[in-house]
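Let me begin by presenting the structure, written as structure tokens, before commenting on it.
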Amino acid sequence: MGDSSLADANAFKNAAARGQVGIDPDAAQTVLNKIRTGKDAIETLLNSAGTLAQPPKLGKNPVGTAMAAKFVQRADGGGDSYSSALRNLLGQYQAAEEGIVTAMSRYHEIDQSAADPFRKA
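Put into structure tokens, the structure is as follows:
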């Protein structure tokens, strides 16, 4: 599911880069601010994610040791760990932010090119 969302965000970003999408900068500013706030929050969580990878004190027995190791792996390991999910979400925020900024810059260009045929008549 996360990969699909990242692909969607990248598709939007690429469409904006190709000039296929334009967004009124005034209308998009609120969304852009929310994306940047979310991105900042994710970066803060990622910066402190290492503290989650501390093994809990569950006892020096095989079950406690195995559970503590599993906890550390889920917190900061690869695959479907907490950190991995945050990195994925950060990538989605970054792609969406880049797409919106590009689409905002393309808005007037697209608006002008749409109006050109009517001006030349």
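Residue 114 in the numbering used here sits at position 91 of the sequence shown, with consecutive numbering throughout.
Quick reminder that beta carbons are idealized off the backbone N, C-alpha and C, glycines included.
In whole angstroms, give me the CA-to-CA distance for Ala91 and Gly45. 50 Å
Quick one: what does DSSP say Ile46 is sitting in, helix, strand or coil? coil
Taking all protein chains shown into account, decide if Arg142 is buried (16 or more other Cβ within 10 angstroms of its Cβ) or exposed. exposed
Neighbourhood of Tyr130 by C-beta, 7 Å cutoff - its chain only, sequence neighbours within 5 removed: Gly45, Ile46, Asp47, Pro48
Rounded distance between the beta-carbons of Leu29 and Gly114, thought under 8 Å: 5 Å
Given a threshold of 16 other Cβ atoms within 10 Å of its Cβ, counted over all protein chains shown, does Ala89 qualify as buried or as exposed? exposed
Would the region 107–127 and the region 55–68 be scored as touching if the rule is three or more Cβ pairs under 8 Å? yes
Taking the straight line between their C-alpha atoms, what separation do you get for Lys83 and Thr74? 21 Å
Quick check: Ala34 and Ala119, are their CB atoms within less than 7 Å of each other? no
Would you call the CB atoms of Ala39 and Ala98 closer than 7 Å? no
Apart from the five residues just before and just after Gly122, which ones in its own chain have a Cβ nearer than 6 Å to its Cβ? Phe35, Lys36, Ala39
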